[in-house]
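Numbering (the numbering used here), first residue to last: 1205 to 1671.
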């Protein structure tokens, strides 16, 4: 079985290096290249050959990796997770001055978050910027990687009823404090105290923004990104930037049996599936095992938290395009291709709701997953989770073979549940599929809790699945 402490620290390292979906995909690509996978820049399959290992990206935030067996391909073994987590996306021209003394950032919510969890925490900014170069626009990932922002709560003295429940207004209550208005940047890039800054949209007591003259020395978010990248601010053409929680992952509990971290949904599964995918590859090479005829596929999709309906989401053609490219390169067509798909399988790996210690009544009476209880099979009568009896049997059989525990999740009949990648992906690639995950608490909080042993269970399960 997997070394829990080693795996946990590797998980924390992956999460810490993945403040946004762009970084999560880049980290996965780095791991794949270290294992000998070759990046394909286009989806044409001319370079795909038997025995090869490849990966492709889309939008810098989604990734699909696959390895071709040396013998005839008879099936695809696919496992998918998602790279994004709920956060705040930073709007264009984000700086907003407040009464000549503060600067805050204009943001909007991304995904269905627990809003209150984001207040009074150290936050920073990361994402991608598109930079003008002599060779045309190019992408640069950026992580300001410092305690840069905070969303301050209103003191209880000004809202005595806050502990009875409060509806946050995202345009008013949830904008992060970014700088003091007297903060400017010297020519060497260091911050210093200086004259009252200008050039910001000023927001007074009526909440309306007005215009002011610009000063070249005013601190801007774009300026900090340019400084981090070693370029001029004018070179930045556009950006996709997000707030992220700076808190580090840690083990918790009387015996370290729990883990707490930002973005466990779904980077715990993204990491665990990738690790199992790579371990199966390495074990096969070291043992000199015969090929099984399975083409192993690891998929990491962006935008699950907002419905997957983008060119890089699970509701796009990305997965089907890659699978068709593999078939075209290997001259698999017609009835043979349809037979191959009928023998294939898709695992959708996205964390599940564990039974809550303070609210056990929120869980289904008989399907009750717990932290450290192993792989969670997710069921729903409306098929928002794609598991059925046949696919559930495959997962349970694999769990027994891998020696890992398996448990079930279903929503209470009177509580509406969410959906995930499985049914969306299988609508584009119609193959048997099952939704799985790992049990966690406080899903979509800025800091979530899960089981320390479950990551190892997922790795062992996926290693067995891909082998």
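Think of the CB as a built atom: it goes at the ideal place given N, C-alpha and C, for glycine as much as any other residue. None of these values were measured; they are calculated from a predicted model.
Contact under 8 Å by Cβ, residue 1656 with residue 1462: yes
Beta-carbon separation (whole angstroms), residue 1278 vs residue 1626, contact threshold 8 Å: Between residue 1626 and residue 1278 the Cβ distance is about 23 Å, and since that is not below 8 Å, they are no contact.
Assigned secondary structure, residue 1342 (DSSP; H/G/I helix, E/B strand, else coil): strand
Where the alpha helix (DSSP H) containing residue 1160 begins and where it ends: Past the edges of the chain, shown from 1205 to 1671, lies residue 1160, and the structure says nothing about it.
Exposed unless 16 or more other CB atoms sit within 10 angstroms - verdict on residue 1322: buried
Counted within 10 angstroms of its Cβ, other Cβ atoms place residue 1641 as buried (16 or more) or exposed: buried
Backbone CA spacing between residue 1467 and residue 1539 [nearest angstrom]: 42 Å
Own chain partners of residue 1666 with C-beta closer than 7 Å, once the 5 adjacent residues on each side are dropped: 1283, 1476, 1477, 1480 and 1481
Rounded straight-line distance, which links the Cα of residue 1526 to that of residue 1231: 20 Å
Inter-residue spacing [alpha-carbon to alpha-carbon] between residue 1273 and residue 1499: 6 Å
Simplified DSSP assignment, three categories, for residue 1518: coil
Unbroken beta strand (DSSP E) run spanning residue 1448, endpoints: 1440-1449
4-residue-minimum alpha helix (DSSP H) runs that sit fully inside the stretch 1588-1630, ordered along the chain: 1593-1606
Segment contact flag, the stretch 1252-1259 with the stretch 1425-1437, C-beta cutoff 8 Å, min 3 pairs: no
Touch test, the stretch 1642-1651 against the stretch 1543-1562, Cβ-Cβ under 8 Å, three pairs minimum: yes
Residue 1663: first and last residue of the uninterrupted beta strand (DSSP E) it sits in: Looking at the DSSP string, residue 1663 is not in any beta strand (DSSP E); the run it does join, the alpha helix (DSSP H), is 1658-1670.
Residue 1227 - containing alpha helix (DSSP H), residue span: 1225-1238
Local conformation of residue 1246 per DSSP, three classes: coil
Residue 1578 (DSSP reduced to helix, strand or coil): coil
CB contact flag (residue 1504, residue 1285, <8 Å): yes
Close Cβ partners of residue 1411 (< 6 Å) along its chain, the five nearest in sequence each way excluded: For residue 1411, the pLDDT reaches just 49, beneath the cut-off of 50, and the residue's location in the model is therefore unreliable, although a value from the coordinates is still provided. Around residue 1411: no qualifying Cβ.
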